[in-house]
Structures are given as C-alpha cells and as structure tokens.
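A quick write-up on the structure given underneath.
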DNA sequence: AATAATATCTATAATATCTATAGACTTTAA
DNA sequence: TTAAAGTCTATAGATATTATAGATATTATT
C-alpha cells in the first residue's frame, strides 16, 4: 500500500498540474483543497522541490508550481521518491536493489520470477500515468 | 515491499511443498533450513494452519505439512494472509476495499485507474505462481 | 505410567516507521 | 517596514514490524 505521504504528494501534484503555468500556489491553499495537514504537506512539497519536480517562490505572492510539464511527471517517479522501491522484493528492484536476506541463493530462488513480472508490469502501467493524463481523466469523468 | 513475515511464509511453504506427502516436518527443521527465527516461524505456521493451508500434528513425531496440493496454493493467497491487500490503494482493493480518505470523490478521481490496472496484472501473475510451480522452477534452475 | 519431543498459547520487549506538529528563521512584494 | 509566504530543525505520538520468553497441551515411545 502507498503511504499517506505518497498519496498526499500525488494529490498535491495533480492539483498543481491543473494550475500549470498560472503562477505559484501557496501551501495553505493546496492543504485546504486536498485536506492535507499543512505542516506535513510542507515537508512533502520540499522533497518534491529538491527532486526538481516542483519549484517554489518565497515571500509574499510566493508558493509552489510545477517545474516540469505535467506530461513529464509520472507516478513511478513520485512513488519512488516518497515510498521507495516499486518492486515487492528487494532482490527484484531496479532502483533499490538489495540481495534478499531470506534467500539462500538468489540464482536458484524460484520465487523471484513472478515478482520480476509484477515489477515490469507495474513499471509499464505507472510510467504511462502522468500528471497530465490523470488531470485530463478527472475532467473527462467529471463531464459524464 | 513484502514484510519479512510474508517472505518467511513463502519460503517455509516452498520448503514444505518439496516434502509434500512425506509426513510432518517440525518447525525446528524449517527454521534452520531457511534461516528463520524459530519463534517467529511458529506464529507464521500457526496462521497458515488456521487458514487451512497447512495442517499440523502435535506431540512426538509431529510437525507441519501441506494441507492442500502444492499446485493449489498460490502467492496471492499467501500475501493476502500475511500482509493484507495486494492493491496499492485501498479504494482499488478487491479483498480489503476501503474508500480512500484522501480522495475527495472516488467517482471523479483520476488516480485510481492506473492502480486498478496494476492490481489486475499483479493478481494475474501472482495467482499463476503456485508452490508447485515455484518448487519445480528451483529444481530446473539448480540443474543448469 | 513416565518421558521426551513436539505444537500451542499468551504476553511482551525491542525496533522501526509513519504521521503529525511546533516554533524559529529567511525571503520577498508591496 | 510589514505581512505573507516558504525553509529548517526538532520532536512527539501512534502504529506496525520483528523477535523472544515461558508456560501449557498433546502424542509416540519406552
């Protein structure tokens, strides 16, 4: 399961994708609109800023805004940043690989294969899911 | 990521699948062979027994053994039992559904779709992965 | 009947992680 | 100069995970 932190991040980013190129949005507004504890959101946005997904402007009239185009930020990147590995086993993770402590021998471990498949499919699906695509989807559904 | 508990469960079950219909295997042996803390393993096996995946025989000469055929126990069932939901979001889970607290309105939430896809693919792949299949795979690899 | 080997049950300790909050500080526009 | 923002450091509280201890019940064997 995704952590709350990660879900908050996704919601905040989709919110900012909706306001792309409309100037900085301040934390308070995002927090209220998305029902996210403000102080928690602060830490999250800061992390997204350090990862060059967001930019910020300090001082009066300041706030956060997307650094990249909404179609260039996908769920994979957000999840990795907030929660770490996508894979269900460390020995099968691309970005957070670690040998499985529980595995006696990775080479002959029959468990990994299924999880390799899951990882690949997950990457495929979530990397196609961008902020742009999510935001558009919400608008389409809203109209039905 | 799967919990250690879940990984221990999978390893123990694959071990028992290898010994299918060869009489009870005692906890101590599984713990040593798979490097699992014995007391922790006790709790895990008990849970698997309550879920009718394992059976046990008490007293001298007792131990644990598979209750069902190795081809009738898949990874989905084990993961659900040990770690809960397969899905990455509660609002997209079949067995552990809960409305997303973070979602303002599930009907118009554009985030769910991608995770629905991930859930379906994960279920598909992991339900095809049975103890029998894993054990066979290990033997095949071992021979190479 | 006694003994030893085993699973079962209850409790709890030790860690780790997640979620949330407080408060002082810095920057900027007006 | 002031008010409105983000930034930084610290920490509290809650929850979940991992591991262990010890007493009890059951069974095969002698």
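Chains as they are written, first to last, in the numbering used here: chain G, 3 to 146; chain B, 3 to 146. Glycine included, every Cβ here is placed at the ideal spot set by N, Cα and C.
- Task: Kindly indicate if chain B contains any beta-carbon less than 7 Å away from that of residue 123 of chain G.
- Result: yes
- Query: Going by the beta-carbon positions, is the gap between residue 123 of chain G and residue 123 of chain B smaller than 7 Å?
  - Reply: yes
- Query: Applying the criterion that 16 or more other CB atoms from any shown protein chain within 10 Å of the CB defines a buried residue, is residue 92 of chain B buried or exposed?
  - Reply: buried
- Item | Cβ distance (whole Å) where residue 32 of chain G is taken to contact residue 45 of chain G below 8 Å | Taking 8 Å as the upper bound for CB-CB distance, residue 32 of chain G and residue 45 of chain G are not in contact here, some 13 Å apart.
- With residue 2 of chain B and residue 134 of chain B assumed to form a contact (beta carbons below 8 Å), what rounded beta-carbon distance in angstroms separates them? Lying outside 3 to 146, the shown extent of chain B, residue 2 of chain B is not represented and no answer is given.
- Item | Assigned exposure category for residue 112 of chain B - 16 Cβ within 10 Å defines buried | buried
- So residue 57 of chain B is in the alpha helix (DSSP H); what residue range does that whole segment cover? From DSSP, residue 57 of chain B is part of no alpha helix (DSSP H) but of the beta strand (DSSP E) over 56-59.
- Message: If the cut-off is 9 Å on Cβ atoms, which residues from the stretch 27-49 of chain B count as contacting chain G, listed in chain order?
- Response: Hits within the stretch, in order: 35, 36, 37 and 38.
- Message: Considering just the uninterrupted stretch of the alpha helix (DSSP H) at residue 47 of chain G, what are its terminal residues?
- Response: 40-52
- Item | Local conformation of residue 75 of chain B per DSSP, three classes | The answer is coil: DSSP assigns residue 75 of chain B none of H, G, I, E or B.
- Query: Since residue 27 of chain B contacts residue 67 of chain B with CB under 8 Å, what's their CB separation in whole angstroms?
  - Reply: That pair is a contact at about 6 Å.
- Ignore the nearest five residues each way along the sequence and tell me which others in residue 29 of chain B's own chain have a CB closer than 8 Å to its CB. 40, 43, 44, 47, 65 and 66
- Task: Within its chain, find whatever has a CB closer than 6 Å to the CB of residue 38 of chain G; leave out the 5 residues flanking it on each side and keep chain order.
- Result: The answer, listed in chain order, is 10.
- Taking residue 63 of chain G as the query, report the chain B residues whose CB atoms sit under 9 Å from its CB, ordered along the chain. None at all; the shortest Cβ gap to chain B is about 27 Å.
- Message: Could you compute how far the alpha carbon of residue 20 of chain B sits from the alpha carbon of residue 73 of chain B?
- Response: 12 Å
- Item | Buried or exposed by the 16-neighbour rule on C-beta atoms within 10 Å, applied to residue 103 of chain G | Only exposed fits residue 103 of chain G, as fewer than 16 other CB atoms lie within 10 angstroms of its CB.
- Task: Taking residue 140 of chain B as the reference, give the member of G/132, G/108, G/36 and G/101 with the closest Cα.
- Result: G/108
- Item | Assigned exposure category for residue 132 of chain G - 16 Cβ within 10 Å defines buried | buried
- Task: For residue 4 of chain G, name the three-state secondary structure that DSSP assigns.
- Result: coil
- Query: Taking C-beta to C-beta, are residue 94 of chain B and residue 125 of chain B nearer than 7 Å?
  - Reply: no
- For the alpha helix (DSSP H) holding residue 128 of chain B, just list the boundary residues, first then last. 114-129
- Taking Cβ to Cβ, would you say residue 128 of chain B is nearer than 7 Å to residue 116 of chain G? Residue 116 of chain G sits close to residue 128 of chain B, with the two beta carbons spaced by under 7 Å.
- So, are the CB atoms of residue 16 of chain G and residue 143 of chain G less than 7 Å apart? Contact: no.
- Query: Who are the near neighbours of residue 35 of chain B in its chain, counting only those whose CB is closer than 7 Å to its CB and skipping five residues on each side?
  - Reply: 17
- Message: For a test of the three-state rule: what should DSSP assign to residue 18 of chain G, helix, strand or coil?
- Response: Secondary structure of residue 18 of chain G (DSSP, three-state): helix.
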